[in-house]
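Shown next, in structure tokens, is the structure this report addresses.
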Amino acid sequence: TCRRVAVPFLVHENWRWQTPLRALKAVLDRGVIGRVFRARLTYSNSIPVFENQPFLRELEQFILTDIGTHILDTARMLFGEAESVYC
């Protein structure tokens, strides 16, 4: 649709550039811990998300549409494309 109406479509996934995640990626790439065959990514913080971004309170499927995209992109950056997914 964006191509059809000549509107740029951009995705900004900034977690992959965070220093701790880059360091983890380097460790994985060097094989320091061996081949990863399974991973579980979790996320938590103490930032008052809804106070700083009140519009997020109205989002349907908040976890998937806000944080979920970052977690999925981080997993792809660290481990490559998924061979299987379990929910």
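The sequence shown maps to residues 1082 to 1168 in my numbering. By construction, the Cβ of each residue, glycine as well, lies at the ideal position given by its N, Cα and C atoms.
Quick check on residue i: buried or exposed, where buried means 16 or more other Cβ atoms within 10 Å of its Cβ?
i	result
Thr1082	exposed
Thr1100	exposed
Would the beta-carbon of residue i fall within 8 Å of that of residue j?
i	j	result
Ile1152	Leu1122	yes
Ordered along the chain, which non-local residues of its own chain (more than five positions away) have a Cβ less than 8 Å from that of residue i?
i	result
Ala1120	Ala1156, Leu1159 and Phe1160
Leu1102	Trp1096, Thr1155, Met1158 and Leu1159
At what residues does the alpha helix (DSSP H) containing residue i begin and finish?
i	result
Leu1140	Segment: none, Leu1140 is in no alpha helix (DSSP H) and carries neither H nor E.
Arg1157	Thr1150 to Phe1160
Glu1132	Val1130 to Asn1133
Thr1100	Thr1100 to Arg1111
Skipping 5 residues on each side, what residues in its chain have a beta carbon closer than 7 Å to that of residue i?
i	result
Val1130	Leu1137
Asn1126	none
Tyr1124	Ile1148 and Ile1152
Round the Cβ separation of residue i and residue j to the nearest angstrom and send it over; I've been treating them as touching at under 8 Å.
i	j	result
Asp1154	Arg1097	6 Å
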